[in-house]
Amino acid sequence: MRQRLPVVLFAVVMAIVPFVPGMPPFWIVLSDNIGLSALVAMGLVMLTGVGGLTSFGQAAFCGFGAYTTAVLTTAYGLSPWLTLPLSLLVSGVFAVALGLITVRLSGHYLPLGTLAWGLGLFYLFSKLEFLGRNDGISSIPPLAVGSLKMIGPGTIYFAIWTAVILCALLTMNLLDSRTGRAIRALRRGHVAAEAFGIHPPRTKLLVFIYAAVLAGLSGWLYAHFQRAVNPTPFGVQTGIEYLFVAVVGGAGYVWGGVLGAAIVVVLKEILQDYLPYLFHGEGQLETIVFGMMLVLLLQLAPDGVWPWLIRRLPARADRKRTDPSLVLPPREKTGAGSDALLRVDHARKQFGGVIAVNDVSFDVRAREVVALIGPNGAGKSTTFNLITGVLPASGGTISILGKVVQRATPQAVTKLGIARTFQHVKLVAEMTVLENVAIGAHLRGSAGALASLLRLDRDDEARLLTEAMRQIERVGLSAQAYSLAGNLSLGQQRIVEIARALCADPMLLLLDEPAAGLRHLEKQQLAHLLRELRNSGMSVLLVEHDMGFVMGLADRVVVLDFGTRIAEGTPQEIKSNPDVIRAYLGAAT
Amino acid sequence: MLFLLQDGITNGAIYALLGLALVLVFAVTRVILIPQGEFVTYGALTYATLASGQVPGTARLAVVMGIAAFGLDLVKRRRTLHVALIGRSLAINILLPVAILALTSALAGKQTPIAIDVLLSLLIVGAIGLYLYRIAFAPIAHTSVLVLLIAAVGCHLALQGIGLVFFGAEGQRGPPLSNTSFTIDPLRFTGQSIAVYAVTLALIAALWLFFGFTLYGKALRATAVNRLGARLVGIRTAMSGQVAFLLAAVIGAISGILIVPITTLYYDTGFLIGLKGFVAAIIGGLISYPLTAVAALLVGTVEAFSSFYASNFKEVIVFALIIPVLLLRSLAAPAVEEDQD
Chain A
1 MRQRLPVVLF AVVMAIVPFV PGMPPFWIVL SDNIGLSALV AMGLVMLTGV
51 GGLTSFGQAA FCGFGAYTTA VLTTAYGLSP WLTLPLSLLV SGVFAVALGL
101 ITVRLSGHYL PLGTLAWGLG LFYLFSKLEF LGRNDGISSI PPLAVGSLKM
151 IGPGTIYFAI WTAVILCALL TMNLLDSRTG RAIRALRRGH VAAEAFGIHP
201 PRTKLLVFIY AAVLAGLSGW LYAHFQRAVN PTPFGVQTGI EYLFVAVVGG
251 AGYVWGGVLG AAIVVVLKEI LQDYLPYLFH GEGQLETIVF GMMLVLLLQL
301 APDGVWPWLI RRLPARADRK RTDPSLVLPP REKTGAGSDA LLRVDHARKQ
351 FGGVIAVNDV SFDVRAREVV ALIGPNGAGK STTFNLITGV LPASGGTISI
401 LGKVVQRATP QAVTKLGIAR TFQHVKLVAE MTVLENVAIG AHLRGSAGAL
451 ASLLRLDRDD EARLLTEAMR QIERVGLSAQ AYSLAGNLSL GQQRIVEIAR
501 ALCADPMLLL LDEPAAGLRH LEKQQLAHLL RELRNSGMSV LLVEHDMGFV
551 MGLADRVVVL DFGTRIAEGT PQEIKSNPDV IRAYLGAAT
Chain B
1001 MLFLLQDGIT NGAIYALLGL ALVLVFAVTR VILIPQGEFV TYGALTYATL
1051 ASGQVPGTAR LAVVMGIAAF GLDLVKRRRT LHVALIGRSL AINILLPVAI
1101 LALTSALAGK QTPIAIDVLL SLLIVGAIGL YLYRIAFAPI AHTSVLVLLI
1151 AAVGCHLALQ GIGLVFFGAE GQRGPPLSNT SFTIDPLRFT GQSIAVYAVT
1201 LALIAALWLF FGFTLYGKAL RATAVNRLGA RLVGIRTAMS GQVAFLLAAV
1251 IGAISGILIV PITTLYYDTG FLIGLKGFVA AIIGGLISYP LTAVAALLVG
1301 TVEAFSSFYA SNFKEVIVFA LIIPVLLLRS LAAPAVEEDQ D
């Protein structure tokens, strides 16, 4: 509760504001507008800042919310409170439909798509007969509690700001949870997220719906605040402005959305008041200043105002409580006694005419460290990608615990008990080490988004974090648990990746060049850690270039060259194998 | 029926030009050029203003933007200032727009041939495009596509607002490039629509030749593929960006000049026209020139038919075209991402 104290203080301040004597009524109207805009911006923070999905179409979702209640209250006489869930539902349903189409798109297609349907929906609003075409719908009833009708801006103020503060709390809850970590993991790319059981399209759709519902709520409030709706505020221009709000405030921060809304709404008001005096031109001068400021802001302060402000406040380290008594049940391990954990049988991968992996076979047994070595371009990483389901094999079979996995997704492979690290470290730099490692335990938790929103996930969450902490201690990084992952040295980041993989409670650990970039002492520690893991019953398959490291550690070594297995055996045998020597040093003839 | 098709192809040719410019800019700079529509408006309305014998505000805008670009050049290169560098920057950023403004002012009020008006419009808008890249995009050229996209939206807002100040809220029409017309039963061809076809074809061919067969075009393509690599082999990537924007601005202005005799243009019309070019460019995947051109013709035709049969929902239908395309693209989305290092 302690970390929510600033929010409570803020809520108290906002509750007192209307009662301050001499408060100009116009400021209350501005506050209402700020609140409405903040709701949409908060959704955009989740969508754009946290999830990395840019949308120019949020205003259209406000439109769904606003028009739903406008039609239902005027044409069918429903109570506004009844239409609230319906407004949210309509926004959400349209978000599902549009989201299914768009969230799978990579990078810039998504914002362009949102621009296109944002425009299309605007024209739809302005042409449909039952939405009143360009004139819209007027005489919408006000919100009412008992006999109190929220007609003036001073009364609906409380409805709007209650919504803002509640949604901010919900959003903060969501961010600080298993689902929140999954959303934040998306920014660093899909491969790492998928390797720990996160479904990127599903997670993106979730954020998309969440942002749309917040926008729908804003639209519902707007309809009952203005008591009339028309298509203008739901066009792309407004959608762009919402994005501007989020960028100004700080797209990665919940309160950045609120701050951005305050800055933009007030600034707009000032500009509209004074610009015509400065340049006696006609209309829309504020958009010129807006546009220029947006460009300038991206050049000077791409993170927004909120983080800049926060840096100037005394730092409050947000230490999560972990309780050592909480134990995450180990995952069910089947077939531990079978002969091979992993069997690669004539695996083959072709990229067009290039055969990257040419009928490679080997297996990894329980309690065994197997090293996959070979010169650059030998097909080691591709073999890894075949095993982990990142790439589909062109031929051959890969079986895990005697079960043939054909075209398995990365998530399914992780479920079977294989966890991996990456050659190029894939951590979320803006998250703490603890949170990064907890992503590894994603599949071992069960709390969903709804539970996270309402904080019903605390048991589950504490277990996950405790497990993450345990793995961090195991790899010897306890001192850095609360540092941001991006601030660690490369060597430490590699160790964090191992802790993250361990968090998935695997039977087989796949390490892609774990010793690259490590100092000598760090390598010794890593070797020590891997031996310990083996002694505790885990198997390790690693790709590595450092021969000293490999030969001192591996039980067996598999050598690849040009996609083909040229040797397999104990380190001693490999060292004296003429084929291997030829591959590495060239022919001795 | 046939006249709808003809109408669609005329519109489609314009969208094709814009779509090509969008693909060009995206390929070279990774900027999704939302302000493309403003280039159209600026070109069209500058031309119309010149033809009515006045000095367009855009000529002054070019001077102001040139000064800003010069200032940025000086600040950026403050450690390595040579006389030659300053001179070059001064010539491009200050002398050029001032000369254009002087020429425009000198010719104002006189009866000038249409060709001069066209040329001046292209010069003015081209200069604006050049400086726009220098001011807004060059400093953030290394950032993500999304940041560039948001900046592009900012530029669109600013330029559209400025357009309102310069040209007012009233729509304008410009004089046609040619008044001839002839009829091939049942269709009537105006000189203007022939000009639209001819210019579009010529520009497509020119772009194809430029990118396929000239060293400079190849350098631009190399920049698109890998900025760092291009710089390492000695291509000046900032220069490529400016050239791409210059080309896009000129193409936009040409499109504007081609349509302003046919339809009345307002300060904000360009945005919609540009977005339809976008629909085409997206169908072409922002990569393929021929596919974009074909898609643009499709967009134009769909627009012509829907404005005839369901005029209320014309825009809805055109922008809904993008949905099946996005759907297809999402089904074919690549499975493996590249490392973003």
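Residue numbers (my numbering), protein chains in the order written: chain A, 1 to 589; chain B, 1001 to 1341.
By construction, the Cβ of each residue, glycine as well, lies at the ideal position given by its N, Cα and C atoms.
Since this is a predicted model, take the numbers as computed values, not measurements.
Listed along chain A are Leu112, Leu115 and Ala116, each with a C-beta nearer than 9 Å to that of phenylalanine 1278/B. In terms of beta-carbon proximity, threonine 383/A stays away from the interface with chain B, with every pair separated by 8 Å or more. Interface annotation for the segment 1154 to 1186 of chain B against chain A: Gly1154, Cys1155, His1156, Leu1157, Ala1158, Leu1159, Gln1160, Gly1161, Ile1162, Leu1164, Val1165, Gly1168 and Ala1169, criterion Cβ-Cβ distance under 8 Å.
Counting other Cβ atoms within 10 Å of its Cβ, glycine 1087/B stays below 16 and is therefore classed as exposed.
Threonine 421/A is outside the set of residues whose beta carbon lies under 8 Å from a beta carbon in chain B.
Taking a Cβ-Cβ cut-off of 9 Å, alanine 1059/B has no neighbours in chain A, whose nearest Cβ is about 17 Å from it.
Closest in C-alpha terms to cysteine 1155/B, from the list Gly291/A, Ile387/A, Tyr210/A and Leu542/A, comes Gly291/A.
The alpha carbon of isoleucine 1251/B has as its nearest neighbour, out of Val1125/B, Ile1150/B and Thr1292/B, the alpha carbon of Val1125/B.
With respect to the C-alpha of glutamine 1036/B, the residue from Thr1200/B, Arg1236/B, Gly1234/B and Val1153/B having the closest C-alpha is Val1153/B. Per DSSP, glutamate 497/A is one residue of the alpha helix (DSSP H) stretching across 490 to 503.
Straight-line measurement puts the Cα of alanine 485/A at about 20 Å from the Cα of lysine 523/A. Asparagine 1179/B sits in coil when the DSSP states are folded into three classes, being neither helix nor strand.
The beta carbon of serine 1105/B sits closer than 6 Å to those of Val1055, all from its chain and outside the five residues before and after it, given in chain order. Among the residues facing chain B, phenylalanine 290/A is included, as its CB has a counterpart in that chain under 8 Å away. A residue is called buried once 16 or more other Cβ atoms fall within 10 Å of its Cβ, and leucine 110/A is buried on that count.
At a cut-off of 8 Å between C-beta atoms, glycine 517/A does not count as an interface residue with respect to chain B. When the beta-carbon positions are compared, alanine 66/A and tryptophan 220/A come within less than 8 Å of each other. Glycine 120/A belongs to the set of residues whose beta carbon lies under 8 Å from a beta carbon in chain B.
Methionine 1001/B sits exposed, since fewer than 16 C-beta atoms from the chains shown fall within 10 Å of its C-beta. Rounded to the nearest angstrom, the gap between the Cα atoms of asparagine 436/A and alanine 449/A is 18 Å.
In the same chain as isoleucine 472/A, and ignoring 5 residues on each side of it, the C-beta atoms closer than 7 Å to its own belong to Val433, Leu434, Val437, Ser478, Ala481 and Ala499, in chain order.
Look at lysine 127/A: its C-beta is under 8 Å from a C-beta on chain B.
Using a Cβ-Cβ distance cut-off of 8 Å, the segment 553 to 572 of chain A and the segment 387 to 398 of chain A are not in contact, since fewer than three pairs of beta carbons, one from each stretch, lie closer than that value. C-alpha of alanine 1304/B to C-alpha of glutamate 269/A: approximately 41 Å in a straight line. Three or more Cβ pairs drawn from the segment 137 to 154 of chain A and the segment 58 to 73 of chain A lie within less than 8 Å of each other, which places the two stretches in contact.
Taking a Cβ-Cβ cut-off of 8 Å, asparagine 1011/B has no neighbours in chain A, whose nearest Cβ is about 17 Å from it.
For the segment 1291 to 1316 of chain B, the set of positions with a beta-carbon nearer than 9 Å to some beta-carbon of chain A reads Asn1312, Phe1313, Lys1314, Glu1315 and Val1316 in chain order. For the segment 1124 to 1153 of chain B, the residues whose beta carbon sits under 7 Å from a beta carbon of chain A are, in order, Ala1136, Pro1139, Ile1140, Val1145, Leu1146, Val1147, Leu1149, Ile1150, Ala1151 and Val1153. Taking glycine 476/A as reference, the option from Ala527/A, Val357/A, Leu456/A and Asp460/A with the minimal CA-CA separation is Ala527/A.
Distance from the Cα of threonine 570/A is smallest, within the candidate group Val370/A, Ala60/A and Ala144/A, for Val370/A.
Its chain contains Ser1181 as the residues whose beta carbon lies nearer than 6 Å to that of threonine 1190/B, once the 5 sequence neighbours on both sides are disregarded; these appear in chain order.
At least 8 Å separates the CB of leucine 1045/B from every CB of chain A. According to the DSSP assignment, serine 399/A belongs to the beta strand (DSSP E) that extends over 395 to 400.
When rounded, the separation of the alpha-carbon atoms in isoleucine 1259/B and leucine 1085/B is 40 Å. The DSSP-derived three-state label of aspartate 459/A is helix. Distances from the CA of methionine 150/A to each of Thr383/A, Trp81/A and Lys204/A were compared; the closest alpha carbon is that of Trp81/A.
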